[in-house]
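In what follows, a single structure is set out as structure tokens and then discussed.
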Amino acid sequence: MKRALYFAMPLAVAIVIAWGAFSSVPPIPKLFEQQDKVEHLLAFGALSFWLLAALGPRRTVLAACLSVGAAVGLELVQHVLIPSRSGSLADLSASLMGIVGALVFVIGVRHVIRNRSAFAAG
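Start counting the sequence shown at 0; every next residue gets the next number (numbering that gives the first Met the number 0).
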């Protein structure tokens, strides 16, 4: 049951990302220039974080590949299939920065926890 909850979170984040990306009008009001880049960074950072949590430390590369695939796929679908939206390299770059940020954060936290456990045991 606990593992199912871990998979529910990345699925929920992916649904929210798809809803926002495929809406004809962006659902978040624009407050400042380039706000969409911040949204991409945060959304794909969250997706990566929850994929890393769900898949565990042995599947970090899989989580990263799924996140990158989702980011690239999103921009391609927007560019090719949705007339009211357009994919962009700047949006993709922001998404990739969010993915890398989540990876660095999670790997760093895992490293600290592992070393803290080794220090306490030794």
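Quick reminder that beta carbons are idealized off the backbone N, C-alpha and C, glycines included.
Nearest to residue i (by Cα), restricted to the options the options
i, options, result
"M96", "S22, P82, F48", "F48"
"G72", "V111, A11, F21, A3", "F21"
"I98", "A53, A45, Q77, S83", "A45"
"L4", "D35, V12, V24, A53", "A53"
"A93", "F104, V103, A70, F31", "A70"
"R57", "E74, R115, H39, V105", "V105"
"L102", "P82, I81, S66", "S66"
Three-state class that DSSP yields for residue i in the structure shown
i, result
"P26", "coil"
"R84", "coil"
"E32", "coil"
"G55", "coil"
Cβ neighbour criterion (16 or more within 10 Å) applied to residue i
i, result
"F43", "buried"
"L40", "buried"
"I16", "buried"
Residue i - containing alpha helix (DSSP H), residue span
i, result
"G9", "The amino acid at residue 9 is misidentified as Gly; the sequence shows Pro. Element bounds for P9: 1-21."
Whole-number beta carbon distance between residue j and residue i, since they are thought to touch under 8 angstroms
i, j, result
"L91", "E74", "5 angstroms"
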